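Here the working numbering is used: the first residue of the sequence shown is 87, the next is one more, and so on.
Take a look at the structure set out below.
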Amino acid sequence: MFSALLMSIVVSCAVNTPGFVSTSHRLIVLASDGTGAREERLSFFASLRDQDGIGDIDYLYVIHDESELSWTLTLDNWIRRDEGDAIWLGSNGLEPGDGGLMPRGRYRAVVVDKAGERDERIFNLSAPVTKDYSLPAIRLAGNQLTLDSPYQVNTLFFLDPAENPVKTVGINPGTTSLDALWGDASWRTAAYTIRAYGFDPKAETGFFSWNIRLNG
87 MFSALLMSIV
97 VSCAVNTPGF
107 VSTSHRLIVL
117 ASDGTGAREE
127 RLSFFASLRD
137 QDGIGDIDYL
147 YVIHDESELS
157 WTLTLDNWIR
167 RDEGDAIWLG
177 SNGLEPGDGG
187 LMPRGRYRAV
197 VVDKAGERDE
207 RIFNLSAPVT
217 KDYSLPAIRL
227 AGNQLTLDSP
237 YQVNTLFFLD
247 PAENPVKTVG
257 INPGTTSLDA
267 LWGDASWRTA
277 AYTIRAYGFD
287 PKAETGFFSW
297 NIRLNG
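Below, the structure is given as structure tokens:
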């Protein structure tokens, strides 16, 4: 009887520590205006586990100790992606804060649950100097969109007024109609701006063009 009671106490007091299953990161370079100026962002996502459920995750920190930069992600600002049984939390918009370059080198990701239990994962950002890389460029004439891009993998983002994606579609360099890319003419009311994205797998870096206003 005493053994059963002791076991129940031990089980009820067990601590379920959150943990990392996997992480994914990528440097993103954006045209900050129409003049060719650019800014860098870090995209970071973590596949997490917690025996108390993903709702028990309280904070996800990304830390670059050398530069003393850190970013805090919570339910209020992280992006959640469900892929099968895996749940990914993260952000595409971690920025250095001065509109400059993301620091390279060693980063720490720390996950903390509501009980204060935590786990840590190290990753390294080894992206090249991105000023030597071209940005994709798009031009729009009526319904005809022209993409100039040196990258083999390109995506067109249709965005809402808050710059949230409403649709993404693969696109090749050259001229294509927006009707063909969207699938019909409803982009005229469903989207506000467009932006092209090119990915260089060797550099593990993505590059965004300047956005173009639709129906402007």
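Note that the Cβ used here is the ideal one computed from N, Cα and C, for glycine as well.
Model, not experiment: these values are computed from the prediction.
So, do the segment 203 to 211 and the segment 159 to 171 have three or more beta carbon pairs nearer to each other than 8 Å?
-> no
How about Pro222: is its C-beta nearer than 7 Å to some C-beta of chain C?
-> In the structure shown, chain C does not exist; there is a single protein chain.
Within the present structure, is the beta-carbon of Phe294 separated from the nearest heavy atom of the ligand SAH by less than 6 Å?
-> With respect to small molecules bound, the structure shown includes none, and the ligand SAH cannot be examined in it.
Distance, Val252 Cα to Gly269 Cα | The residue you call residue 269 lines up with position 183 of the sequence shown. The residue you call residue 252 lines up with position 166 of the sequence shown. Rounded to the nearest angstrom, the two C-alpha atoms are 13 Å apart.
By Cβ distance below 6 Å, which residues in the same chain neighbour Pro247 in space, the five residues on each side in sequence not counted?
-> Reading the sequence shown from its first residue, position 161 is the one you call residue 247. Cβ-Cβ distances below 6 Å link Pro247 to Tyr278 in the same chain, with the five nearest sequence neighbours on each side left out; the list follows chain order.
What three-state label does DSSP hand Ile149 in the structure shown?
-> Along the sequence shown, read from residue 1 onward, the residue named residue 149 stands at position 63. Three-state DSSP puts Ile149 in a strand.
Residues of its chain near Pro259, where Cβ-Cβ distance is below 6 Å and the 5 sequence neighbours each way are ignored = In the sequence shown, residue 259 corresponds to position 173, counting from 1. Excluding residues within five positions, the ones whose Cβ falls inside 6 Å are Leu233 and Ser235.
Sub-7 Å separation of Phe106 and Asp205 beta-carbons | As a first step, residue 106 must be located in the sequence shown, where it is residue number 20. As a first step, residue 205 must be located in the sequence shown, where it is residue number 119. Their beta carbons are under 7 Å apart, which means Phe106 touches Asp205 by this criterion.
Give the DSSP bridge partners of Arg207, in chain order.
-> Working through the sequence shown from its first residue, we reach residue 207 at position 121. Arg207 is bridged to Ala195.
So what does Tyr283 bridge to, in DSSP terms?
-> Residue numbering aside, residue 283 sits at position 197 when the sequence shown is read from its first letter. Bridge pairing for Tyr283: Thr241 and Phe294 [DSSP].
Where Ile228 sits in the DSSP three-state scheme | As a first step, residue 228 must be located in the sequence shown, where it is residue number 142. Per the sequence shown, the amino acid found at residue 228 is Gly instead of Ile. Gly228: coil per DSSP, three-state reduction.
DSSP three-state assignment for Asp234, whether helix, strand or coil = Along the sequence shown, one-based indexing puts residue 234 at 148. In this structure, Asp234 counts as strand in the three-state DSSP scheme.
Closest to Ser133 by CA distance: which of Ser118, Thr109, Gly183 and Leu146 is it?
-> Locating residue 133 in the sequence shown gives position 47, where the first residue counts as 1. Closest option to Ser133, Cα to Cα, is Thr109.
Who are Lys253's beta bridge partners in DSSP?
-> Counting from one through the sequence shown, the residue named residue 253 turns up at place 167. Beta-bridge pairing links Lys253 to Phe244.
Just tell me which of Leu128, Val148 and Trp296 has its CA closest to the CA of Tyr193.
-> Stepping through the sequence shown from its first residue, residue 193 is reached at position 107. That would be Val148, whose Cα lies nearest to the Cα of Tyr193.
C-alpha gap between Pro104 and Asp218, whole angstroms = Here residue 104 is taken as the residue at index 18 of the sequence shown, counted from 1. Here residue 218 is taken as the residue at index 132 of the sequence shown, counted from 1. Answer to the nearest angstrom: the Cα atoms are 40 Å apart.
Let me know if Met93 comes out buried or exposed under the rule of 16 or more other beta-carbons within 10 Å of its beta-carbon.
-> Start at 1 with the first residue of the sequence shown, and residue 93 comes out as number 7. Residue placement at Met93 is poorly supported in this model, since its pLDDT is 43, which falls under 50; the coordinates still yield a value, given next. Result: exposed.
Taking the beta strand (DSSP E) that Thr109 falls in, what are its first and last residues?
-> Mapped onto the sequence shown, residue 109 falls at position 23. Here the beta strand (DSSP E) through Thr109 covers Gly105 to Ala117.
Gly256 to Gly202 span [Cα, whole Å] | On the sequence shown, residue 256 is found 170 positions in, with the first residue counted as 1. On the sequence shown, residue 202 is found 116 positions in, with the first residue counted as 1. Going by the C-alpha atoms only, they are around 42 Å apart.
Bounding residues of the beta strand (DSSP E) (the contiguous stretch that carries Ala132) | For the purposes of this step, residue 132 is taken as residue 46 along the sequence shown, with counting starting at 1. Where Ala132 is concerned, the enclosing beta strand (DSSP E) stretches over Arg124 to Arg135.
Do Asp199 and Asp144 have their CB atoms nearer than 7 Å?
-> Here the question's residue 199 lines up with position 113 in the sequence shown. Here the question's residue 144 lines up with position 58 in the sequence shown. Contact flag set, yes.
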